[in-house]
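K.L.:
Let me give you the structure first, and then I'll get to my questions.
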Amino acid sequence: MRLHRLDITAFGPFGGSQSVDFDALSAAGLFLLHGPTGAGKTSVLDAVCYALYGAVPGARQSGQGLNLRSDHAAPGTRTEVRLELTVAGRRLEITRQPPWERRKLRGTGTTVDKAQTWLRGYDATAGAWRDLSRSHQEIGEEITQLLGMSREQFCQVVLLPQGDFARFLRADAEARGRLLGRLFDTQRFADVEKRLADRRRTTEARVREGDTTLLADAHRMQQEAGDAMDLPGLAPGEPGLAEAVLGAAAVARSTTRERLTVAECRLTAAESAHAAARRALGDVRELARLQARFAEARQRAERLQERDGEHRAVRDRMERARKAETVAPALELREAAAAEHRRATDAEAHARGTLPDPHAAADATGLAAAARRTAEELGGLESARRAEQRLAALAGERTGLDDQERADEDVLCEADAWLADWDPTRTALQSRIEAAQQAATRAEQLAERREPARRRLTAARTRDELAAGLEQAGQRALASAQRAVDARTHWLDLKEQRLNGIAAELAAHLTDGAPCAVCGATEHPAPARKVDGHVDRETEERALAAVQRAEEQRTEDERRLGGVREALAAATAEAGDAPTARLAAEADELEREFTRARRDASALHAAHEELRRAEQERERRLTDRQQAAVRTAARLTRRETLDREQATLEEELTQARGGAGSVAARAAQLERRAALLTAAADATRAAEDAAHRLKDADARLADAAYRAGFDTPRTAADALLDAAAHRELQHRLDARQAEEAAVRAVLAEPGTAAAAAQPPADPASAEQAAEGAEQRLREAVSARDAAARCRTQLDRLSARATDGVRRLAPLRQEYDRVARLAALTAGTSADNERRMRLESYVLAARLEQVAAAATVRLRRMSAGRYTLVHSDDRSGRGRSGLGLHVVDAWTGRERDTATLSGGETFFASLALALGLADVVTDEAGGVRLDTLFIDEGFGSLDDETLDEVLDVLDSLRERDRSVGIVSHVGDLRRRIHARLEVVKGRTGSSLRQR
203 MRLHRLDITA FGPFGGSQSV DFDALSAAGL FLLHGPTGAG KTSVLDAVCY ALYGAVPGAR
263 QSGQGLNLRS DHAAPGTRTE VRLELTVAGR RLEITRQPPW ERRKLRGTGT TVDKAQTWLR
323 GYDATAGAWR DLSRSHQEIG EEITQLLGMS REQFCQVVLL PQGDFARFLR ADAEARGRLL
383 GRLFDTQRFA DVEKRLADRR RTTEARVREG DTTLLADAHR MQQEAGDAMD LPGLAPGEPG
443 LAEAVLGAAA VARSTTRERL TVAECRLTAA ESAHAAARRA LGDVRELARL QARFAEARQR
503 AERLQERDGE HRAVRDRMER ARKAETVAPA LELREAAAAE HRRATDAEAH ARGTLPDPHA
563 AADATGLAAA ARRTAEELGG LESARRAEQR LAALAGERTG LDDQERADED VLCEADAWLA
623 DWDPTRTALQ SRIEAAQQAA TRAEQLAERR EPARRRLTAA RTRDELAAGL EQAGQRALAS
683 AQRAVDARTH WLDLKEQRLN GIAAELAAHL TDGAPCAVCG ATEHPAPARK VDGHVDRETE
743 ERALAAVQRA EEQRTEDERR LGGVREALAA ATAEAGDAPT ARLAAEADEL EREFTRARRD
803 ASALHAAHEE LRRAEQERER RLTDRQQAAV RTAARLTRRE TLDREQATLE EELTQARGGA
863 GSVAARAAQL ERRAALLTAA ADATRAAEDA AHRLKDADAR LADAAYRAGF DTPRTAADAL
923 LDAAAHRELQ HRLDARQAEE AAVRAVLAEP GTAAAAAQPP ADPASAEQAA EGAEQRLREA
983 VSARDAAARC RTQLDRLSAR ATDGVRRLAP LRQEYDRVAR LAALTAGTSA DNERRMRLES
1043 YVLAARLEQV AAAATVRLRR MSAGRYTLVH SDDRSGRGRS GLGLHVVDAW TGRERDTATL
1103 SGGETFFASL ALALGLADVV TDEAGGVRLD TLFIDEGFGS LDDETLDEVL DVLDSLRERD
1163 RSVGIVSHVG DLRRRIHARL EVVKGRTGSS LRQR
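The sequence shown runs 203 to 1196 under this note's numbering.
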């Protein structure tokens, strides 16, 4: 990595813009960065670090970057750092702007602009800078990958802080390990330690979990087996737990099987005794049932004898009811005739009550004669009714003539009013037609201009697009041409190399005794040999093929460029030089005018139609007015005819109505009178017929009652039973007959009679004996089931425990292996004699490399007196591996670095820093560091030692490095000619380069 230029604006103590030309400073190899205390020497290094990583070293980084802004900067000046450098063969430019609190553009108060970052790369072929990225994350990852080190490593390797390395010399192993861990990124080894420890804890937990499950199964087996199993007194994770649990389970299973055999024997005996007791109980219960059945039948027979009188009375009542049923039809006939006679008498009385007094006492014949006379008078009113209807029709017709007269008057008024406005209306419609015709002509003219305008606008847009793509096509063609030239040059170089070594290529095909293809000799004493980098035929042909592909690509890109130019010329010829925006505006205006003209022209047809409808309406109005006049004359003649007919009909009706208000009223009076007389005559005849039928029914009823054996019809009616009473008595007779038959059947059973002759049965004693046998059987079954369940549970739990022990065995092996590795890497194992952690072991190897690299320069700075060595001895009760001692050649003794003097500590720490820079650089992938900075510490050296140190630093130029010394020691300004001075002032610091 080599720095070229640094530009600072409003950064740290620098209020304005400052620039540093590192190329000029690095020309001498060694340059001095000096200035008074507090002027900002370290801020220059901070700017370099901020440009690369977006953060400043150590404790100076705080907040979000707002503290990086200079307090001396003008309000409108934004903080910016730009660094130009070469790294990994690429020349880059990094620009960073931290967050900036500024005034709001609108309103009052302030706002914070976000941080900005730019990364550009220099394209040597084009001779220009090219943008690469504007993403903070992408730029940070790119720089870290190119440099191969983090910000902490960069600050320790490139910006060598001597105070930190002085503390590193005197630090204990723990502090030294933390610093080396940041520099060499040994976190992966610490992660290995942590992962092994985590795996050890995980596997240990899984083993304990498996043992806990095994113990839980053992406890459940003990609960099932009771005193047949003793649990081992071991905790989860202790050795031998699995074997002890499996052994105790085997003993418990054997004891449980013995107990099951005993229980099954006891169950067989209990089942036999229980079956005998159940048979005896069944016999006793059957005897008791038969004896109770016989006793119950005797009691039922006695109750039947007690109810004999009641049974005879029911039987006699049923017999009288059967006799009365023969009289029932005559009774029903007499009741129907009586009801009919009552209804006819009531109807006759009601009909006579509506008649006038002269007819109220007349018989049926007189009433019928009066009804005939009234009907004859009603028939004589039919002619008067037709005259009355005609008179009503005449009134309606006269009303219709009046309505027609009023309608014709409205038609005449409306027609006169409409015809009065006809001339203005026709003039307005003709004007609209003329305007629409003019608009149609205008639309046709605009349509002819619209299409050329559209083509010209399309050509202008195509012209603009092709003009934008012409530059890209030209660049592609230029790049293709350059690649073709480069490919041809490469091919010619290879061809030349092949021709230079063609003798070796021909010699490779020589055979002893065969003639040479060049000279014809058959002996080949000294054939040419191929040198390193020889170009063969295949390599040359591949290069030639690459030339042909590049030429084809160049031809294709040039053809595309020509096509773009031709299309651009055609589009320019069509569109001219007019701007696209102006052509678009003209086309839009032309389109709007065309739309307005078409809209106005579209009203032509509507105007013609409206004029045609208006003319038709005028003709209709004239016709309506003429027809109304004709109808008026016809109505006068019709009114005179109606008046004469009305006078004749009114005279006829006056004679026919008599005293009634109308003919219809007179007819209604006569119709009501005829209906009343007819109804009264019919009711009188019906009452007389009903009286004759009632008398006949009384005679038939008396005869039927006498024949059935009853004294009077009333006695026969009382003997009748309704359906419910008849069913109830019949049910009682049937129940008595069934009960007698059932009692006789039970008393006749042989088994029941034999059981009654035996002594009374004792079911209670038999049930007590059966219950005792059943209880003993249940106890035996429970004992057998408990033993079987215990055996099943023990077999299941033992099998699960055995399976768990078998599955846990590989995990136990893994736990033992991981636990040994975790203890070894953590330094707690007995096999790790020095108690070194894995990370400390790796850092110890790195520290040994650093000490060896530092010793090369330390011996030169100390005139061969001191040598740095790595020590892995333990210090006190701590762990070993990161000790650092110095060997004094004058005394031949090894001592701690804390015993060095101030000056000796400075050049020892400087040598350590330079050695660490070399080792970290190699560790980071061998990135070359061409620019280094050393911060302070030179004031503690005497002149001779200072010369030695400067000689060592000056020797770094042999590796094409430049070293910048940050110091305010005045003697250095006389010894180092290339200087960058930081000048402090009230308005901020500034840089002065010499």
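Where a beta carbon is used, it is the ideal one built from N, C-alpha and C, also for glycine.
Rounded C-beta distance between leucine 205 and phenylalanine 233? I'm assuming under 8 Å.
P.N.:
Rounded, the Cβ-Cβ distance is 11 Å, inconsistent with contact.
K.L.:
Starting from the C-beta of glycine 1029, find all residues in its chain whose C-beta is less than 6 Å away, skip the five residues before and the five after it, and write them out in chain order.
P.N.:
Here the set comprises Arg1037, Met1038, Arg1039, Arg1081.
K.L.:
Let me make sure I understand the geometry here. Which of Gln970, Leu1102, Gly676, Phe1135 has the alpha-carbon closest to that of histidine 476?
P.N.:
It is Gln970.
K.L.:
Looking at the secondary structure, which residues open and close the beta strand (DSSP E) in which leucine 234 lies?
P.N.:
That run of the beta strand (DSSP E) goes 232–236.
K.L.:
Within 10 Å of its beta-carbon, does leucine 844 have 16 or more other beta-carbons around it, so buried, or fewer, so exposed?
P.N.:
Counting Cβ neighbours within 10 Å, leucine 844 comes out exposed, since fewer than 16 surround it.
K.L.:
Please classify glutamine 364: does DSSP put it in a helix, a strand, or coil?
P.N.:
Legend: pLDDT at glutamine 364 = 48, less than 50; position of this residue unreliable, no value from coordinates given.
K.L.:
Three or more C-beta pairs under 8 Å: does that hold for the segment 269–279 against the segment 299–309?
P.N.:
Contact holds: three or more Cβ-Cβ distances are below 8 Å.
K.L.:
Under 8 Å by Cβ, that's how I've got leucine 696 and alanine 745 pegged, so tell me the actual separation to the nearest angstrom.
P.N.:
Indeed, because the Cβ distance is near 5 Å, the residues count as touching under 8 Å.
K.L.:
Tell me which residues share the same chain as alanine 230 and place their Cβ nearer than 6 Å to its Cβ, disregarding the 5 neighbours each side in the sequence.
P.N.:
The residues are Ala1180.
K.L.:
According to the Cβ coordinates, are alanine 918 and valine 516 closer than 9 Å?
P.N.:
Result no, Cβ atoms of alanine 918 and valine 516 do not sit closer than 9 Å.
K.L.:
I'd like the span of the beta strand (DSSP E) that includes leucine 285, first residue to last.
P.N.:
Note, leucine 285: beta strand (DSSP E), 282–289.
K.L.:
Opposite tryptophan 320 in the DSSP bridges: which residues?
P.N.:
Answer is Thr297.
K.L.:
Given glutamine 422, which residues of its chain have a CB within under 8 Å of its CB, disregarding the five upstream and five downstream residues?
P.N.:
The sequence as given places arginine at residue 422; glutamine does not occur at that position. Around arginine 422: Gln995, Leu999.
K.L.:
Considering only residues of the same chain and omitting the five flanking positions on each side of glutamate 793, which have a CB-CB separation below 7 Å?
P.N.:
For glutamate 793, where only same-chain residues beyond five positions count, the Cβ hits under 7 Å are Arg652.
K.L.:
Which of the three DSSP states is assigned to valine 1121 in this structure?
P.N.:
Helix at valine 1121.
K.L.:
Can the beta-carbon of proline 1214 be found closer than 9 Å to that of cysteine 357?
P.N.:
Given a span of 203 to 1196 for the chain in the structure shown, any question on residue 1214 remains unanswerable.
K.L.:
Looking at leucine 1193: is its Cβ nearer than 9 Å to the Cβ of glutamine 347?
P.N.:
Cβ distance not < 9 Å, so leucine 1193 and glutamine 347 don't count as in contact.
K.L.:
Using DSSP's beta-bridge definition, name the partner residues of leucine 1023.
P.N.:
According to DSSP, leucine 1023 bridges with nothing at all.
K.L.:
What's the call for glutamine 591, buried or exposed, on a 16-neighbour Cβ count within 10 Å?
P.N.:
Under this definition glutamine 591 is an exposed residue.
K.L.:
Any idea if alanine 1056 is buried or exposed, counting beta-carbon neighbours within 10 angstroms, 16 or more meaning buried?
P.N.:
Label assigned to alanine 1056: buried.
K.L.:
Taking the alpha-carbon positions, what's the glycine 256 to arginine 207 distance?
P.N.:
When rounded, the distance between both Cα atoms is 17 Å.
K.L.:
What's the gap between the Cα of histidine 1198 and the Cα of aspartate 759?
P.N.:
Here the chain comprises residues numbered 203 to 1196, so residue 1198 is not present and cannot be evaluated.
K.L.:
Which one of Ala769, Glu616, Thr244, Gly412 has the shortest CA to CA distance from alanine 1011?
P.N.:
Answer by Cα proximity: Gly412.
K.L.:
Just the Cα atoms here: how many angstroms apart are cysteine 467 and alanine 444?
P.N.:
The straight-line gap from Cα to Cα measures roughly 36 Å.
K.L.:
The alpha helix (DSSP H) that contains phenylalanine 213, what's its start and end?
P.N.:
No alpha helix (DSSP H) contains phenylalanine 213, which is instead part of the beta strand (DSSP E) from 204–213.
K.L.:
What's the C-alpha gap between glutamate 395 and methionine 203?
P.N.:
Cα-Cα distance, rounded: 35 Å.
K.L.:
Where does glutamate 1106 land, buried or exposed, given buried means 16+ other C-beta within 10 angstroms?
P.N.:
Buried, by the Cβ-count rule.
K.L.:
Excluding sequence positions up to five away, which residues of its chain have a Cβ less than 8 Å from the Cβ of glycine 342?
P.N.:
Hits under 8 Å: Tyr255, Gly256.
K.L.:
For glycine 1128, does the three-state DSSP call read helix, strand or coil?
P.N.:
Only weak support is given to the placement of glycine 1128: the predicted model assigns it a pLDDT of 46, under 50, and the value that follows is read from those uncertain coordinates. Correct three-state label for glycine 1128: coil.
K.L.:
Taking the beta strand (DSSP E) that serine 1164 falls in, what are its first and last residues?
P.N.:
Per DSSP, serine 1164 belongs to the beta strand (DSSP E) from 1164–1168.
K.L.:
Does the segment 953–970 come within contact of the segment 446–459, defined as at least 3 CB pairs closer than 8 Å?
P.N.:
At 8 Å Cβ cutoff, the stretches do not touch.
K.L.:
Here's the rule I'm using: 16 or more other beta-carbon atoms within 10 Å means buried, otherwise exposed. How should alanine 947 be labelled?
P.N.:
By the 10 Å Cβ count, alanine 947 comes out exposed.
K.L.:
Using only CA atoms, which one of Glu282, Val1168, Arg1019 lies nearest to alanine 249?
P.N.:
Comparing Cα positions, the closest option is Glu282.
K.L.:
Would you tell me roughly how many angstroms separate the C-alpha atoms of glutamate 742 and leucine 694, rounded to the nearest one?
P.N.:
C-alpha separation (whole angstroms): 9 Å.
K.L.:
Pick out whichever of Leu535, His933, Ala407, Glu508 has its Cα sitting closest to the Cα of leucine 896.
P.N.:
The option with the nearest alpha carbon to leucine 896 is Leu535.
K.L.:
Going by C-alpha to C-alpha distance, which of Ala927, Glu607, Ala921, Arg938 sits closest to aspartate 510?
P.N.:
Of Ala927, Glu607, Ala921, Arg938, the residue nearest in Cα terms is Arg938.
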